[in-house]
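Numbering (my numbering), first residue to last: 289 to 789. Backbone N, C-alpha and C define an ideal beta-carbon position, used for all residues, glycine too. In what follows, a structure is listed as structure tokens, so that the remarks can point back to it.
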Amino acid sequence: MGSKGVSRHAAAALLGLLLTAAMVLPAAAVGPTREDLLRRIERLESLLRDNQRRMNAYDKELSELRGQVGAQQQQLQDQESRTAQKIGEAIKGQEHAEVVKDIVKRVSLSDVEQTPEENRLRTIYDDGFYLKGPDDQLRIGGWFQFDSRWHLNDRHPDSDTFLIRRARLDIRGVLENDFAYRLYATLIGERNGILQEGWLEYRKYPEFRVRLGQVFEPFSLEAVYSARWTWFMERAMIVNAISPQEDIGVMLLGKLWDGRLEYGLGVFNGQGRNTSATVDDKDFTARVALTPWAQTPKGDALRGLSFGGSFGTGNNEKSLAGNSFQTQGFTSWYEFASGVSQDGGLTRWGLEAQYLLGPFSVQGEYLRARYDDLKRAGSSAGLEVDGYYLSLAWVLTGEDAPGDAAIKPRRDFNPSTGGWGAWQAALRYQSMSTNQELLDRGWASGSDGARSVTLGLNWFPNRHIRLQFNYDHAWFNQEVTRNGVTLDEEDVFTTRVLFDF
């Protein structure tokens with residue numbers, strides 16, 4: 289029974305499989321229709337055509353890229369070739385330059401190469417031509433003044449004129465740091481040689497410097513300033529009349545108290561420049577100036593205030609015939625007669641004051657002199673002279689006004705950039721008088737006094753050039769006769785073009 293049951297189950301399973309296969313096989317045997325197959329073939333062909341177009345486009349783009357890469361490679365090769373050629377030429381040139389440099393070193397630069405940099409000579413231009421070494425220095429400079437003078441009085445005996453007022457050549461230097469020197473020459477108008485100043489100075493200690501040779505005597509504030517820096521074209525009458533200017537001798541000078549006190553004193557022949565002494569006695573001259581607030585901060589109201597004095601005495605023999613006291617227009621208003629000479633003492637002294645504050649400046653002096661033992665035809669007489677001046681100035685363009693230097697414009701003259709240089713206006717009143725003795729005795733002619741007012745305008749296109757315009761009105765205590773013309777006053781207009789280097 290058991291084996292029969294199994295057989296029946298197996299037979300039933302086999303019968304089920306046969307029935308299932310009979311149902312499936314007919315369904316699987318039914319395939320796609322002809323239209324379906326044609327549509328599938330068309331889609332495949334379309335896909336193939338699209339792929340072919342893409343492949344063709346890719347091939348074209350690839351070909352173009354290959355062409356561009358090839359061109360760039362050729363350019364790079366050409367550039368590399370040119371660069372290599374230039375490098376080769378540069379190497380050859382450098383080799384040649386090195387050879388030449390080596391030859392120059394051996395032939396002409398051996399001394400320089402052996403000299404340390406700090407010890408070599410340097411050439412510099414800065415307000416003058418300089419040669420500078422470690423211990424020595426040479427400066428070459430100079431200046432020039434071209435004037436015109438126009439007398440506004442129709443009856444004035446002098447002609448209107450152009451003139452070269454001054455022409456100077458200035459050589460200065462330093463030797464071994466501790467010694468200074470100067471050779472200062474005038475190129476026109478001197479009867480006693482061309483040397484203005486020539487001296488050697490020991491300057492190791494700023495407080496005590498020793499200068500010997502032909503030097504400018506230390507007397508009067510306006511006199512010791514160079515004619516390049518004076519506010520007016522001519523110094524005051526009393527300054528020109530009694531200041532000693534250059535002479536041969538020995539001078540001690542210096543600055544003390546951190547520069548607040550400046551002094552100078554010396555012993556001189558008393559005969560003026562380039563002239564030997566005529567007597568054993570010597571002239572003594574001294575000047576001292578105090579600037580108490582010189583070390584206060586810039587802009588301090590009292591920083592630019594200074595005052596001082598001068599003194600001189602001597603005993604000389606020299607002729608005074610033809611010497612005269614003159615106005616700014618060079619009209620002689622007091623003139624010594626022929627045969628008058630000095631054979632005795634001369635004493636002179638003066639007081640000075642100056643105040644500088646930014647563009648404003650004021651300056652004044654009082655000076656006095658006495659000439660003893662003037663001689664004429666065996667007779668003796670004396671002469672006393674005194675005078676003063678007061679000057680005011682204002683820099684219209686606002687620059688600071690230095691006392692003893694040129695004004696430096698903030699903007700040099702250049703119309704294209706709007707620069708007009710610096711402008712300064714100035715006013716001066718002055719007076720000078722003498723005693724009557726020589727006039728009464730006929731030893732002198734003219735007036736016993738003169739006064740004047742001067743108006744000035746100064747233009748500084750740059751720090752090296754200055755144009756000056758002065759109008760001066762002078763009047764005399766008594767009428768003055770010159771070349772047959774009698775004058776009681778004078779009006780003169782003067783101009784100047786100055787340059788320095």
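- Between the beta-carbon of Phe504 and that of Glu485 there is about 6 Å, and that keeps the pair under the 8 Å contact cut.
- Annotation for Asn750: Pro697, Asp700, Phe701, Gly709 place their beta carbon closer than 7 Å to its own, counting only its chain and skipping 5 residues before and after.
- Inclusion of Arg456 and Leu426 in the CB contact set at 9 Å is not warranted, their separation being larger than that value.
- According to DSSP, Gly744 shares a beta bridge with Ala714, Asn758.
- Within the same chain, Cβ atoms closer than 6 Å to the Cβ of Lys663 are found at Ser629, Asp631, the five residues on either side in sequence being excluded.
- Annotation for Ala511: the continuous alpha helix (DSSP H) segment containing it runs 509-512.
- Out of Arg328, Trp682, Leu578, Lys492, the CA that lies nearest to the CA of Leu463 is found in Lys492.
- Going by DSSP, Glu489 is part of the beta strand (DSSP E) stretching over 483-490.
- The region 769-785 and the region 432-452 touch, with three or more beta-carbon pairs separated by less than 8 Å.
- Here Trp431 is near Asp788, since their CB atoms are less than 9 Å apart.
- A distance below 7 Å between beta-carbons, with the five flanking residues on each side excluded, links Gly646 to the following residues of its chain, in chain order: Asp688.
- Counting along the chain, the unbroken beta strand (DSSP E) around Glu640 starts and ends at 629-645.
- Going by beta carbons, Tyr717 and Val741 fall inside the 9 Å limit.
- If only uninterrupted beta strand (DSSP E) runs of at least 3 residues are considered, those enclosed by the region 417-444 are 417-420, 425-439.
- For Asp700, there is no enclosing alpha helix (DSSP H), as DSSP gives it neither H nor E.
- Excluding sequence positions up to five before and after Asn765, its CB lies within less than 8 Å of the CB of Ser721, Ser735, Asp736, Gly737, Ala738, all in the same chain and listed in chain order.
- For Ala455, DSSP records a beta bridge to Phe432.
- In the DSSP assignment, Ala681 falls within the beta strand (DSSP E) that extends over 667-683.
- Looking at the DSSP output, Gly552 bridges to Leu541, Arg575.
- Counting along the chain, Asn603 sits inside the beta strand (DSSP E) bounded by residues 593-607.
- Take the alpha-carbon of Ser626 and the one of Gly602: they are about 23 Å apart.
- Around the beta carbon of Phe450, a 10 Å sphere encloses fewer than 16 other beta carbons of the protein chains shown; the residue is thus reported as exposed.
- Comparing C-alpha distances from Ala657 to each of Trp637, Ser668, Arg328, Gln362 shows the shortest one belongs to Trp637.
- Taking C-beta atoms as the reference points, Gln433 and Leu786 count as a pair closer than 9 Å.
- Counting C-beta pairs closer than 8 Å gives three or more between the region 582-599 and the region 536-555, which meets the contact rule.
- Non-local C-beta neighbours of Arg454 in its own chain, meaning closer than 6 Å and more than five positions away in sequence, comprise Gln433, ordered along the chain.
- When secondary structure is reduced to three states using DSSP, Met720 falls in the strand class.
- CA-CA distance, Thr615 to Asn465, rounds to 44 Å.
- If you ignore the 5 residues before and after Tyr513, its C-beta comes within less than 8 Å of the C-beta of Gly691, Asp692, all in its own chain and listed in chain order.
- Proximity to Asn562 across Glu534, Asp568, Leu553 peaks at Glu534, based on C-alpha coordinates.
- For Ala529, the enclosing alpha helix (DSSP H) begins and ends at 525-530.
- With 16 or more neighbouring CB atoms inside 10 Å of its own CB, Tyr472 falls in the buried class.
- The secondary-structure analysis by DSSP pairs Asp660 with nothing; it has no beta-bridge partner.
- Annotation for Pro494: Gly542, Lys543 place their beta carbon closer than 8 Å to its own, counting only its chain and skipping 5 residues before and after.
- Glu640 places its beta carbon 9 Å or farther from that of Ala681.
- Proximity to Tyr490 across Leu335, Leu540, Trp763 peaks at Leu540, based on C-alpha coordinates.
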